[in-house]
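Engineer: Structure below; questions to follow.
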Amino acid sequence: DAKTTQPTSMDCAEGRAANLPCNHSTISGNEYVYWYRQIHSQGPQYIIHGLKNNETNEMASLIITEDRKSSTLILPHATLRDTAVYYCIAGNQGGKLIFGQGTELSVKP
Amino acid sequence: DAEITQSPRHKITETGRQVTLACHQTWNHNNMFWYRQDLGHGLRLIHYSYGVQDTNKGEVSDGYSVSRSNTEDLPLTLESAASSQTSVYFCASSDSRRDYRTETQYFGPGTRLLVL
Numbered sequence: 001d002a003k004t005t006q007p008t009s010m011d012c013a014e015g016r017a018a019n020l021p022c023n024h025s026t027i028s029g030n031e032y033v034y035w036y037r038q039i040h041s042q043g044p045q046y047i048i049h050g051l052k053n054n055e056t057n058e059m060a061s062l063i064i065t066e067d068r069k070s071s072t073l074i075l076p077h078a079t080l081r082d083t084a085v086y087y088c089i090a091g092n093q094g095g096k097l098i099f100g101q102g103t104e105l106s107v108k109p
Numbered sequence: 110d111a112e113i114t115q116s117p118r119h120k121i122t123e124t125g126r127q128v129t130l131a132c133h134q135t136w137n138h139n140n141m142f143w144y145r146q147d148l149g150h151g152l153r154l155i156h157y158s159y160g161v162q163d164t165n166k167g168e169v170s171d172g173y174s175v176s177r178s179n180t181e182d183l184p185l186t187l188e189s190a191a192s193s194q195t196s197v198y199f200c201a202s203s204d205s206r207r208d209y210r211t212e213t214q215y216f217g218p219g220t221r222l223l224v225l
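Residue numbers (this note's numbering), protein chains in the order written: chain R, 1 to 109; chain X, 110 to 225.
Set out below in structure tokens:
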């Protein structure tokens with residue numbers, strides 16, 4: 001699995017877009033990028049994944065650079081309930097996920 | 110609705126005791142995983158299973174064991190609990206019938222274990 005680098009923490013104003021970056025410069029050509037989040041004391045929750053193209057679902061958008069060495073998770077209109085730790089994961093080994101430290105996002109009123 | 114449950118949600122035990130944490134999923138997923146999460150850290154994989162009778166060690170498997178006798182359950186056993194195993198334990202499952210690279214893992218609510 002490729003190693004990922006994320007900022008330790010970020011702040012975002014409620015109602016604004018939250019842009020969470022992730023570097024994964026050693027990702028292989030067939031490895032997906034996955035994003036999960038963990039709200040305090042709960043189990044992690046899947047958000048989105050992508051390979052090359054940008055992806056969007058009801059929760060977020062995922063923008064992957066053309067060289068695939070980095071990506072950005074976008075929460076278009078952050079709410080207080082989006083306060084959580086966000087994990088970027090590059091690749092999985094036979095379905096296994098390797099979690100890093102993640103980014104602690106604080107959405108403030 | 111299909112779900113994944115863990116029990117107990119909270120457990121206090123003493124050093125040296127055997128402890129079993131239950132994980133039950135109703136999605137009929139082949140893959141099941143156990144992680145532990147310590148304060149200030151991400152999740153670390155303990156054991157995982159790709160199907161009935163299949164079990165594999167993760168990165169922090171010492172002192173833990175699992176068995177998979179049916180699709181729905183993957184109990185995690187601490188053979189002789191140690192204080193270093195005080196942690197929050199999460200179970201997860203995923204469907205392996207598609208491309209494993211696009212699998213989504215669904216996590217349970219966690220079990221908080223305190224070993225005194």
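Glycine included, C-beta positions come from ideal geometry on N, C-alpha and C.
So, using beta-carbon positions, are Arg153/X and Tyr198/X closer together than 7 Å?
Structural biologist: Contact flag unset, no.
Engineer: Taking the beta strand (DSSP E) that Pro21/R falls in, what are its first and last residues?
Structural biologist: Element bounds for Pro21/R: Ala18 to Asn23.
Engineer: Can you give me the start and stop residues for the beta strand (DSSP E) that Asn165/X sits inside?
Structural biologist: Run containing Asn165/X: Asp163 to Lys166, per the beta strand (DSSP E) assignment.
Engineer: Should Pro7/R be flagged as near chain X, meaning a C-beta pair shorter than 7 Å?
Structural biologist: False, the Cβ-Cβ gap to chain X never drops below 7 Å.
Engineer: What in chain X is Cβ-close to Tyr32/R, meaning under 8 Å?
Structural biologist: Ordered by position in chain X, the residues that pass the 8 Å Cβ test against Tyr32/R are Arg210 and Thr211.
Engineer: Which class does Ser192/X belong to by DSSP, given the choice of helix, strand or coil?
Structural biologist: In the structure shown, Ser192/X sits in a helix (DSSP, three-state: H, G or I).
Engineer: Within its chain, find whatever has a CB closer than 8 Å to the CB of Thr65/R; leave out the 5 residues flanking it on each side and keep chain order.
Structural biologist: Cβ within range, chain order: Ser71.
Engineer: In the DSSP assignment, find the beta strand (DSSP E) that holds Ala60/R and state where it starts and stops.
Structural biologist: Element bounds for Ala60/R: n/a, residue is neither H nor E.
Engineer: So, helix, strand or coil for Thr4/R, using DSSP?
Structural biologist: Correct three-state label for Thr4/R: coil.
Engineer: For the structure I just gave you, are there three or more beta carbon pairs, one from the stretch 53-68 of chain R and one from the stretch 127-141 of chain X, closer than 8 Å?
Structural biologist: Cβ pair count under 8 Å is below three, so no.
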